[in-house]
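Student:
Right, here's the structure in full:
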């Protein structure tokens, strides 16, 4: 007899389980007790509860129904292997082997399958072929469980299919091919054998488990239920041997309830003049809509009622909250739940059915206006947010509220479920993980212990994800950023000795040397080295032959590494050696880093070559293990994840042997198989029920009781989840009772969440688009619940809260909005903006430096704000480190153009008769110019500009001088250093000449003027000074030494002030304000729509100044601009 125990409380079912175990102990205490559970989470909960009740939980085996049934077959039937050859992964490989044979078959039978496989004139890669095999294996795996008789009929020669569609005749034929090649029974055949022998009484009771408990296993496949019912029918001394514990929401029999859609179909069948359906057909609308899976299970049990005995243990709700009222409504589905309410006089918020938002709340255009609350019953809370981040932030604040209000509540009493845990995990980490032992005291006070369960192995383990990326090396083009990405992986960085500074250095090398992609380029495809072809000898490691090849393709690693090695070997300023120009700076011990980079490239190339060959599945396992050894050094805490990954690899090899698929597989084939295996693998220690707030995926039949049950991400497009059926899925064409439906499972999961919440049900969804404030719909299940509450409990509405867009909204800090209050004090705006205080590194003005280095003096005046942040405050400013490019240049950017112009000017000044072709060849070897015709056109344009600039410079007949030694004293401060830029004019006088292959700006003007003043004050100049730019010439005459020293005094004053407070001098903008350069000061200060960035965008200025757009209007800015650059001789 199959004893079915019904209760609306999982705790009551647990007490029944313990009572039966205690009243019917096993005769042999060493016998392992079998408890069937729907998933490991229920098993863990049971184990914790038993241990808490009895003090210990041991020798109990929590198994899944499918696993138990297979073991039962092995115990009771002959010739049943430990692992089925028709297990899904093995079946996929068998189907894959059949597809290879079918693709070339000429029979008309296979035409539909060939069209799927792309064999009718189309082409499909190995990846898609594996994907098709996986889909077919999935469908056949479902047939084994839900259509066993159909498969048995197929094996006996029948080609029957739903609708007798001739296009599906390939399925019976393919199944026969699969079974004929294996001398081993499958699950459907074993089901038939077991049921037949059980009906004949030929199963030995001694082979069966003495007791069997099925705890909340949910909707079982009919074939599994057949086996369990027959197991219960077999005579045995223990009459209560098979017990099913069913979490049943209703005390009445409700299997005949119709949901509203089915009711509408019934009315349509009966016609317009039909009588309304009786209340006992509709019942509670929530139960009829959400309880499809439970209703089907009750029907399946009812069909086997001869051997089923039911007992009920229902408990009433212990309080009068709205949540308890809804649970009571479900408990008595045929009672009228309206309680005398009138929906027309609903005291709760009125919802707009079209938009899912409250009416009459004045949303307006701004997110701030949507923040609102309704003080309804807090046992059911509806939270509307703008994003997953805001969902988690709102949840964190509400949990803190609950913990502060109820000290008996613990983190273990809270579960948070989301449709996709891998999507939400980073956000959970960002919100709940941002507070803890390593944070400030305010954040530590808000810390809530938490854990995340159900994450995929590939998502939670960085080292496993890295191995999978490395396995894709055969398609790798050695893009510069991709190689940097590999080098930055912790396990690879440990293996090759890269730290953060090393990675920055490598990135700089790649930019400077012109590396873009490909290890070696097409220019050396056929180049012979030591009597071998360049590409053909790849296996020997091309990285070892750098500088041996006579030619290197532009922007390849070969090209860049040649330049780096030459830069290391040759002194600065060295010309090309052969066709290679030095590039980058490799100094001192950086040679070891360059060697490590070469080792990484060689290891990647060796692995790429090794992975490119077809291999048998067992050989692929060996190759991947070699890959891990060659490229990774995992940390100690990564060992478990890597061990689990290796178990998956071994399992794939075993599946291949079981499927008889021992032939060589291409890399693409095995890669797709590996991706599929990793996609379904969860980390073993999944952290479910750890005594903390548990975040998990929405897993059906795992709704164990919690005081607070939270469901986030209840968006219309995300929940209930949907899985589109395949075009050849015969089950979808003709559904039968007991078939699994992801959508129905999620509906039942929502019902279980309603039943499992003891104090509070917290529902959250994204109700508006954060970009344009457009409304978004909640899940249809949320809408159904809201409609039900509005109709049946109008005077006891739920608490409804619409959260603002931003966590710093003023609404969150208003005392009038307690349900919106946030504990994140760091977001609280101040009552008034505090006045800017002048920062001082020591609290008092330091004494002026007695000796100032000229290099520091000039560097300070290039950017006083940057100097103050770095040198005075010690602030390491964030810099957007420019990453190397992956594609060869198709145009030249402003910085590269400036560098090319500068190189050409220097070359033309040094050698006026140098040929244009020579210069072009030199610039091509730098890798800056675009390839081919575009590069030639770009060079021609730049050459004409720089040739004209060089001619203008030569016209002045200046002869360069070595840098001057400078030693001057101004107001007791000594300035020392060497001043470059000195020239002798044709008349023998000495001055300063600066030239730039770019336009005039304040920075270039101020540096040139400062150099002129210093040279004059030091007595090293006795002539005029000249500034030449691409579009302008500036000249200033000789100054008396004392006059130059007087003009330098404000520069020293500015230096001294800049060591205490930020000096409001901005070279580009200040020059315009002083009238030294014509133009609009705002044009220099603010960024142009399509042009150079504005001076105000510098990080140091953004850090130091408020109201950035109005800084040029400040009086002190005008004062320093006029004082330093207001000299009449600088006027244009």
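Residue numbers (this note's numbering): 3 to 1134. Glycine is no exception: its CB is placed at the ideal position from the N, C-alpha and C atoms.
1) On the premise that residue 983 lies in contact with residue 996, defined as a C-beta separation below 8 Å, what is that separation, rounded to the nearest angstrom?
2) Mapping DSSP to helix, strand and coil, what is residue 767?
3) Look at the alpha carbon of residue 694 and the alpha carbon of residue 649, and state the distance between them as a whole number of angstroms.
4) Taking the continuous beta strand (DSSP E) assigned at residue 38, which residues delimit it?
5) Report the CB separation of residue 1053 from residue 963 in whole angstroms; it is logged as a contact under 8 Å.
6) State the DSSP-derived secondary structure class of residue 899, mapped to helix, strand or coil.
7) Apart from the five residues on each side of it in sequence, which residues of its chain come closer than 8 Å, Cβ to Cβ, to residue 1157?
8) Identify which residue in 7, 452, 999, 976 has its Cα closest to the Cα of residue 911.
9) Count Cβ pairs between the stretch 891 to 908 and the stretch 857 to 871 that sit closer than 8 Å; are there 3 or more?
10) Please list, in chain order, all residues of the same chain as residue 511 whose beta carbon is under 7 Å from its beta carbon, the five residues on each side excluded.
11) So what's residue 665 in DSSP terms, helix, strand or just coil?
12) Please classify residue 842 as buried or exposed, where buried requires at least 16 neighbouring CB atoms within 10 angstroms.
13) Look up residue 245 in the DSSP assignment and say whether it is helix, strand or coil.
14) Does the Cβ of residue 43 have 16 or more other Cβ atoms within 10 Å, making it buried, or fewer, making it exposed?
15) Rounded to whole angstroms, what's the CA-CA distance from residue 953 to residue 937? Just pull it up for me.
16) For my contact list, residue 423 and residue 697 are in at a C-beta cut-off of 8 Å; report their separation, rounded to the angstrom.
17) Three-state secondary structure (DSSP) at residue 1130?
18) Quick test of your reading: residue 1079 and residue 1134, contact by CB under 8 Å. State the CB separation rounded to the nearest angstrom.
19) Express the C-alpha separation of residue 508 and residue 679 in angstroms, rounding to a whole number.
20) Report the partner residues of residue 313 according to the DSSP bridge assignment.
21) Does the stretch 243 to 260 come close enough to the stretch 748 to 766 to have 3 or more Cβ pairs within less than 8 Å?
22) Would the C-beta of residue 410 count as close to the ligand GDP, meaning under 7 Å from any of its heavy atoms?
23) In three-state DSSP terms, what is residue 987?
24) Give the C-beta separation of residue 1128 and residue 1076 to the nearest angstrom, bearing in mind that I take them to be a contact with Cβ-Cβ under 8 Å.
25) What residue range is occupied by the uninterrupted beta strand (DSSP E) comprising residue 63?
26) Taking the alpha-carbon positions, what's the residue 992 to residue 1116 distance?
27) If we count the other Cβ atoms within 10 Å of its Cβ and call it buried at 16 or more, is residue 939 buried or exposed?
28) Go ahead and label residue 58 buried or exposed: buried means 16 or more other beta carbons lie within 10 angstroms of its beta carbon, across all protein chains shown.
29) Given this structure, state the Cα-to-Cα distance separating residue 861 from residue 637, to the nearest angstrom.
30) Could you give the residue range of the alpha helix (DSSP H) that holds residue 177?
31) Please check the pair residue 762 and residue 381, which I expect to be a contact at CB under 8 Å, by giving their CB distance rounded to whole angstroms.
32) Ends of the alpha helix (DSSP H) at residue 829?
33) In chain order, what residues of the same chain lie with their CB nearer than 6 Å to the CB of residue 514, ignoring the 5 residues before and after it?
34) Could you check how far apart the C-beta atoms of residue 1 and residue 867 are, in whole angstroms? I think they sit under 8 Å.
35) Between residue 764 and residue 218, what straight-line distance do the alpha-carbon atoms span, to the nearest angstrom?
36) Tell me the rounded alpha-carbon separation between residue 1131 and residue 1012.
Tutor: Reading it off the structure:
1) Counted from its first residue, the chain shown places residue 996 at position 994. Counted from its first residue, the chain shown places residue 983 at position 981. Going by Cβ atoms, the distance from residue 996 to residue 983 rounds to 6 Å, so yes, they are a contact pair.
2) Here the question's residue 767 lines up with position 765 in the chain shown. Note: residue 767 maps to strand in three-state DSSP.
3) As a first step, residue 694 must be located in the chain shown, where it is residue number 692. As a first step, residue 649 must be located in the chain shown, where it is residue number 647. Computed Cα separation, rounded: 30 Å.
4) Here residue 38 refers to the residue found at position 36 when the chain shown is read from its first residue. Taken as a continuous stretch (DSSP letters only), the beta strand (DSSP E) holding residue 38 covers 35 to 39.
5) On the chain shown, residue 1053 is found 1051 positions in, with the first residue counted as 1. On the chain shown, residue 963 is found 961 positions in, with the first residue counted as 1. Between residue 963 and residue 1053 the Cβ distance is about 23 Å, and since that is not below 8 Å, they are no contact.
6) Taking the chain shown and counting its residues from 1, one reaches residue 899 at position 897. Correct three-state label for residue 899: helix.
7) The requested residue 1157 is not part of the displayed model; the chain covers only 3 to 1134.
8) Sequence index remark: in the chain shown, residue 911 carries index 909 (1-based). Nearest option by C-alpha distance: 999.
9) no
10) Locating residue 511 in the chain shown gives position 509, counting from the first residue. Taken in chain order, the residues that qualify are 566, 586.
11) Start at 1 with the first residue of the chain shown, and residue 665 comes out as number 663. Coil, per DSSP.
12) Translated into positions along the chain shown, residue 842 becomes position 840. With a pLDDT of only 45 at residue 842, under 50, the local geometry of the prediction cannot be trusted, and no value is derived from it.
13) Counted from its first residue, the chain shown places residue 245 at position 243. Strand at residue 245.
14) Locating residue 43 in the chain shown gives position 41, where the first residue counts as 1. The residue in question, residue 43, is buried, as its Cβ has 16 or more Cβ neighbours within 10 Å.
15) Position 951 of the chain shown, counted from the first residue, corresponds to residue 953. Position 935 of the chain shown, counted from the first residue, corresponds to residue 937. So the two alpha carbons sit approximately 24 Å from each other.
16) The residue given as residue 423 occupies position 421 in the chain shown. The residue given as residue 697 occupies position 695 in the chain shown. Going by Cβ atoms, the distance from residue 423 to residue 697 rounds to 7 Å, so yes, they are a contact pair.
17) By one-based count along the chain shown, residue 1130 stands at place 1128. Helix at residue 1130.
18) Taking the chain shown and counting its residues from 1, one reaches residue 1079 at position 1077. Taking the chain shown and counting its residues from 1, one reaches residue 1134 at position 1132. Contact flag correct, Cβ pair sits at about 7 Å.
19) If you number the chain shown from 1, residue 679 lands on position 677. If you number the chain shown from 1, residue 508 lands on position 506. Cα-Cα distance, rounded: 35 Å.
20) Taking the chain shown and counting its residues from 1, one reaches residue 313 at position 311. Residue 313 is bridged to 7.
21) yes
22) In the structure on display, the ligand GDP does not appear, and there are no ligands present to speak of.
23) The sequence position of residue 987 within the chain shown is 985, counting from 1. Residue 987 falls in the coil class under three-state DSSP.
24) To locate residue 1128, count along the chain shown from 1; it is residue 1126. To locate residue 1076, count along the chain shown from 1; it is residue 1074. Going by Cβ atoms, the distance from residue 1128 to residue 1076 rounds to 5 Å, so yes, they are a contact pair.
25) Position 61 of the chain shown, counting from 1, holds the residue named residue 63. 62 to 65 is the span of the beta strand (DSSP E), which, as asked, contains residue 63.
26) Looking up residue 992 in the chain shown gives position 990. Looking up residue 1116 in the chain shown gives position 1114. Near 39 Å, if we compare the C-alpha coordinates of residue 1116 and residue 992.
27) Here residue 939 refers to the residue found at position 937 when the chain shown is read from its first residue. Result: exposed.
28) Position 56 of the chain shown holds residue 58. By the neighbour-count rule (16 or more Cβ atoms within 10 Å), residue 58 is not buried but exposed.
29) Along the chain shown, read from residue 1 onward, the residue named residue 861 stands at position 859. Along the chain shown, read from residue 1 onward, the residue named residue 637 stands at position 635. Distance between the alpha carbons of residue 861 and residue 637: 44 Å.
30) For the purposes of this step, residue 177 is taken as the residue at position 175 of the chain shown. Segment 172 to 182, the alpha helix (DSSP H) holding residue 177.
31) By 1-based counting over the chain shown, the position of residue 762 is 760. By 1-based counting over the chain shown, the position of residue 381 is 379. Confirmed, about 5 Å.
32) In the chain shown, the residue the question calls residue 829 occupies position 827. First-last for residue 829: undefined, no H or E at that position.
33) Indexing the chain shown from 1 puts residue 514 at position 512. So the qualifying residues of the chain are 585, 586.
34) In this structure the chain extends from 3 to 1134, so residue 1 is not present and cannot be described.
35) If you number the chain shown from 1, residue 764 lands on position 762. If you number the chain shown from 1, residue 218 lands on position 216. Taking the straight line joining both Cα atoms gives about 24 Å.
36) Numbered from 1 along the chain shown, position 1129 holds the residue referred to as residue 1131. Numbered from 1 along the chain shown, position 1010 holds the residue referred to as residue 1012. One C-alpha to the other measures close to 13 Å.
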